[in-house]
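J.: Those protein sequences? They're chains U and A, same order as listed. Residues 1 to 161 (the numbering used here) make up the first sequence, in order. Residues 1 to 787 (the numbering used here) make up the second sequence, in order. Sharing a structure with you now.
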Amino acid sequence: MKDMHAISLRVNGQAHELTVEARRTLADMLRHDLGYTGTHLGCEHGICGACTVLLDGAPVRACLVFGVQADGAEVRTVEGLADGDQLSDLQQAFSDHHALQCGFCTPGFLMLAEAYLAENQEYQHTEEQIRELVAANLCRCTGYQGIIEAIQATARARQKP
Amino acid sequence: MNATSATNATNGWIGAAVPRREDRRMLLGRGRFTGDLTRPGLLHAAFVRSPHAHALVGGIDGTAARQAPGVAGLFTAESLGHPCLLAMLERDEFVPTPMPILAGDRVRFVGEPVVLVIADDAYRAEDAAELVAVDWEPRPAVASIAAASAAGAPRLHDEAEGNRLVDLLMFDDDRLPEIFAAAHATVSATFESARVAALPLEGRACLAEWDDRDDQLVMHVSTQVPHQVRSGVAQALNLAERSIRVIAPDVGGGFGLKCVVGREEVAVAAAALRLRRPVRWIEDRQENLTASFHGHEQRYRVKAAFDGTGRILALDAEIDCDTGAYSAFPFTCAVEPLMAATELPGVYKVPAYRARGRAVATNKAPAAPYRGVSRPQIVLVMERLMEKAAAVLRLDPLQVRRANLISRDEFPYTGVNKITYDEGSYRESLDLAEGQVHARGWPAERARLRTAGQRAGIGYACFSERTAYGTPTMSQRRMRMTPGYDTALVRMDPTGEVIVTTGTCGHGQGHETTFAQIVADRLGVHPDQVKLRQGDTDLASYGWGTWGSRSVVVGGGAAGRAADIIAGQLKKIAASQLEASPADIELAGGLARVRGDDAAAIGIPELARLVHFQAHRLAEDLRYHLEARATFDPPGTFSNACHAAMVVIDPGTGAIRLHRYLVVEDCGVVINPVVVDGQVRGGVTQGAAAALLERVCFDSEGQPASATLMDYLAPTAAEMCAVDIVHLQTPSKFSETGAKGMGEGGTIGAPAAVLNAVNDALCDTGVRFDHIPVLPHEVSAALNGAP
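In structure tokens, the structure reads:
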């Protein structure tokens, strides 16, 4: 017998009600039950960070959170960053700084950076600080330099009065 | 050769930093990867894999698994009829090793698939796989080149004596003994590189479904080589190639892992055919790290003779590659030893050469061509030899390199290895790198760090890389399936938009952008009006996918040639409308214009509309389709670079930190500097990590000891530093655009540069490392004088 639970949550502002098996990860629930396939799974053991989403504003590895734990929560995924088809400043900066190649890890880095930018507006945003942040996730294509530059540029642009 | 700031586009769209067409959908979370696809009634696959490195399979009991909730099917080698993938090299020295799709009576590595379980839910498929009982009869395993080569070692394949799958004496100059006897100096050393995982962030994945209407098995596969997957599935399951369509949607990195065909892909295809239901398999990271393909585990026993001025006189190499349990399809296990033995001399003039290359079977996952394929190792060997010779002869190591580098006036240079090197900037890139290193103050910084009690070192690596191998070169390997050419189809629709189809298969390299730049220049349109369609076997009669730094040269070259044919058609039609000669028509800015007469012009969309909708108004030879097909099959072209690295070693912990990195690279004409810089930086990161971090580990029984990303250390941003890049441009005479391939160079040069930097940091000790990765405990032991 599957151990099913009825839950409700909001994803990118959209309300969802569903029944989900207790062992189903938040990542699988988002991807396969709700269709938010922008969240990617790179390791399923919490190291690579490709599945990073915001759970009530905090970045989490969606592979290490059960779907039922998101009951009543507000989840943000990569699909919620843009205003319609208009890329956010962070998304645009990723393109401008060649911060992505294959694009598989990109949603995780975007959500990681989105949380950082919301929380740390008073920082200097030195390369060292951003490099430490970016070290949370894995990218196999870019060598990270473009990702660091994109987040730094966005952080500084947002600080301008 | 011109040193350029590559952002200055001087020749239309080629050379311009055009923003990548691929970015938008990825940034919006609208990429379409294989794991994102779903189907009504989708079934999920899980594999039962061997827990033993070597065992006989006594019996399989799937009764409990078949009765588990949600299970729709269970397959074994027997129930599938013992299909296999057979990679073939047509050489007497090659021992074929058919790779069963599911292992039958014998398993040869931990993780080898034995049973395929299909269920209505991925979790339940894994549950059921755990219920399968297999009666294993373990056998002694060999887990290293040394163990596999020892007298009396257990054989993986009965017909492979000494577990040698390939043993080729590629070159054998009989003057070698006398040259070595008379040489001023001789350097001997053993060099080793550890087994690594390609580690694309998206593992392997496939979704197979039968389509009654098209009478085809349609497979979405995360692959670099859709046509080779089609051929592999067709050969293994005895199907016509037409009856299979392989589509590579967005692919989350490959690095060589996905340029071979996985047995899991074939197994899932077989299950979908039997069940007539869509079946999806998503590899998990443990499977990826233990049971997919590895690369790069090699040993070089090398002897080199030098004269008193540092010139190399002779080179003798014994090369052993740990190929794992089977030859990968279609390249075979010969890809590493053949590449190494053929290309070892590299950028240096070696007058006499002997090289023997072997592939040795071990009870480990099979090897696939990993980014760079043997070039990271051969560059490491040659660059370490230059340093060692300089030390023995008390010469400047860069002067020793200069004494041996092929120089500008010697191109095209045919080496002792029978390879002809087209024009490059070998000497110039070294001179520029050395100048930049000094201009940027690295030596002074090294001195300051050393005074402050740190250990700091600077290392260089010079190399070239043969890219874009076509069949003229690939045929020398004698593969049953000989790759190299590619074909493009270019069409213009009635609105003047252009569709390019190719058999290459980009997966992060920006081909949708760079191919559009190449075609846009030839047709006088904007790159946004050129759409690349790729990664679908139904779009190209045959193609060889994306690997070996081939796509922009071979696929882009074919696209350029096909576009030229369309351009010729457009010019003739414009000439007929403007009452001019076709020779006087130029295509630019969306217009066909008469040269020197600004008023005489017609829009390219208007020409396209005429061809498609007003054919009757055109002369007979100008009517109908705007469509052209062309193939390109070059011999290959050498790009080159010089890398410089600076490392800092913590004297307490032995930890090695990459501190500064510089690349002077020459890939001929740069199509898009953004893409080139991205490839270089990503490549350097992988190469530096191979030197300092990455190592797939096994115990002596062949049990994997690096099955998670806690144990297999991929580089994060914290382990990397900024990579500065300087471009030189020596256009290739062997490519349509003057471009040379550049997808692997970063990975090729970095291990040698980093290892030389580590050894420079240890220069006051007696320790020299000749293997990768060099790990902190080894440095620590060396600094503490421990053995």
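Where a beta carbon is used, it is the ideal one built from N, C-alpha and C, also for glycine.
Would residue 801/A count as contacting chain U if we go by Cβ distances under 7 Å?
T.: This structure cannot settle anything about residue 801/A, because the visible part of chain A is limited to 1 through 787.
J.: Around the Cβ of residue 763/A, are there at least 16 other Cβ atoms within 10 angstroms (buried) or fewer (exposed)?
T.: Counting Cβ neighbours within 10 Å, residue 763/A comes out exposed, since fewer than 16 surround it.
J.: Which chain D residues sit within Cβ distance under 9 Å of residue 134/U?
T.: Checking the listed chains, one finds no chain D in this structure; the protein chains it contains are U and A.
J.: Please report the straight-line C-alpha distance between residue 73/A and residue 19/U, rounded to a whole angstrom.
T.: Going by the C-alpha atoms only, they are around 27 Å apart.
J.: Taking C-beta to C-beta, are residue 635/A and residue 769/A nearer than 7 Å?
T.: Contact flag unset, no.
J.: On the three-state DSSP scale, how would you describe residue 104/U?
T.: The answer is coil: DSSP assigns residue 104/U none of H, G, I, E or B.
J.: Assuming residue 380/A contacts residue 752/A under a Cβ cut-off of 8 Å, what Cβ separation, rounded to an integer in Å, is found between them?
T.: So it is a contact: roughly 4 Å between Cβ atoms.
J.: Can you give me the C-alpha to C-alpha distance between residue 311/A and residue 383/A, rounded to a whole angstrom?
T.: In a straight line, the C-alpha of residue 311/A is about 14 Å away from that of residue 383/A.
J.: If we define contact as Cβ-Cβ less than 7 Å, is residue 339/A a contact residue for chain U?
T.: Output row for residue 339/A: interface = no.
J.: Can you list the residues of chain U that residue 775/A reaches, using a CB-CB cut of under 9 Å?
T.: The premise fails here: residue 775/A is roughly 19 Å from chain U at the closest Cβ pair, so nothing lies under 9 Å.
J.: Figure out for me which residue from 301/A, 324/A, 146/A, 53/A has the closest Cα to the Cα of residue 188/A.
T.: For the residues 301/A, 324/A, 146/A, 53/A, the minimum Cα distance to residue 188/A belongs to 301/A.
J.: Rounding to the nearest angstrom, what Cα-Cα distance links residue 47/U and residue 117/U in this structure?
T.: Approximately 22 Å between the Cα atoms of the pair.
J.: Taking only beta carbons into account, state which residues of the stretch 696–717 of chain A come closer than 9 Å to chain U, listed in chain order.
T.: Cβ contacts with chain U come from 708, 709, 710, 714, 715, 716, 717.
J.: Please give me, in chain order, every unbroken run of the alpha helix (DSSP H) with length at least 4 that falls completely inside the stretch 515–578 of chain A.
T.: You should have 556–578.
J.: Is it buried or exposed, residue 238/A, if we count other Cβ atoms within 10 angstroms and call 16 or more buried?
T.: Counting Cβ neighbours within 10 Å, residue 238/A comes out exposed, since fewer than 16 surround it.
J.: Within the 7 Å Cβ cut-off, does residue 8/A reach chain U?
T.: With a pLDDT of 35 at residue 8/A, under the threshold of 50, the modelled position of that residue is not reliable, and the figure given next carries that caveat. Chain U contact via Cβ: absent.
J.: Kindly indicate which residue of 104/A, 282/A, 61/A, 660/A has the alpha-carbon position closest to the one of residue 436/A.
T.: Nearest of 104/A, 282/A, 61/A, 660/A to residue 436/A, Cα basis: 660/A.
J.: Taking Cβ-Cβ distances shorter than 7 Å, what residues in chain A pair up with residue 107/U?
T.: Within 7 Å Cβ-Cβ: 29.
J.: Count the other CB atoms within 10 Å of the CB of residue 10/A; is the residue buried (16 or more) or exposed (fewer)?
T.: With a pLDDT of 44 at residue 10/A, under the threshold of 50, the modelled position of this residue cannot be trusted, and the question is left open.
J.: State yes or no: is the beta carbon of residue 152/U nearer than 7 Å to at least one beta carbon in chain A?
T.: Not an interface residue.
J.: Could you tell me whether the stretch 127–146 of chain U touches the stretch 99–106 of chain U, using the rule of 3 or more Cβ pairs below 8 Å?
T.: Contact between the stretch 127–146 of chain U and the stretch 99–106 of chain U is present, because at least three Cβ pairs lie under 8 Å.
J.: Would you check if there are 3 or more beta carbon pairs closer than 8 Å linking the stretch 597–614 of chain A to the stretch 455–468 of chain A?
T.: No, the stretch 597–614 of chain A is not in contact with the stretch 455–468 of chain A.
J.: Which residue comes first and which comes last in the alpha helix (DSSP H) that contains residue 339/A?
T.: Here the alpha helix (DSSP H) through residue 339/A covers 335–343.
J.: When you compare only the Cα positions, how much space is there between residue 86/U and residue 153/U?
T.: Residue 86/U and residue 153/U: Cα-Cα distance of roughly 18 Å.
J.: Which residues of chain U have a Cβ atom closer than 8 Å to the Cβ of residue 33/A, listed in chain order?
T.: The answer, in chain order, is 37, 40, 104.
J.: Output needed for residue 168/A: all residues of its chain with C-beta closer than 8 Å, excluding positions within five of it in sequence on either side, in chain order.
T.: Correct list, in chain order: 91, 93, 334, 337, 338, 341, 356, 357, 358.
J.: Residue 351/A and residue 416/A look like a contact to me (Cβ under 8 Å); what is the Cβ gap, rounded to whole Å?
T.: Their Cβ separation, rounded to whole angstroms, is 6 Å, which keeps residue 351/A and residue 416/A in contact under 8 Å.
J.: Going by beta carbon distance, what residues of the same chain come within less than 7 Å of residue 709/A, once the five residues before and after it are set aside?
T.: Excluding sequence neighbours, residue 709/A sits near 285.
J.: Along the stretch 271–290 of chain A, what residues have a CB closer than 7 Å to any CB found in chain U?
T.: Flagged, chain order: 284, 285.
J.: Does the separation of the CB atoms of residue 145/A and residue 354/A fall below 7 Å?
T.: Cβ distance not < 7 Å, so residue 145/A and residue 354/A don't count as in contact.
J.: Alpha carbon to alpha carbon, what distance is there between residue 118/A and residue 124/A?
T.: Cα-Cα distance, rounded: 9 Å.
J.: Does the Cβ of residue 624/A have 16 or more other Cβ atoms within 10 Å, making it buried, or fewer, making it exposed?
T.: With fewer than 16 other Cβ atoms within 10 Å, it is exposed.
J.: Between the Cα of residue 39/U and those of 129/U, 112/U, 147/U, 123/U, spot the shortest distance and give me the residue it belongs to.
T.: Comparing Cα-Cα distances from residue 39/U to each of 129/U, 112/U, 147/U, 123/U, the minimum goes to 112/U.
J.: Below 7 Å between beta carbons: does that hold for residue 503/A and residue 78/U?
T.: Against a cut-off of 7 Å, the Cβ pair of residue 78/U and residue 503/A comes out as no contact.
J.: Please report whether the beta-carbon of residue 681/A lies at a distance below 7 Å from any beta-carbon of chain U.
T.: It does: the Cβ of residue 681/A has a partner Cβ on chain U nearer than 7 Å.
J.: So what's residue 43/A in DSSP terms, helix, strand or just coil?
T.: Residue 43/A falls in the strand class under three-state DSSP.
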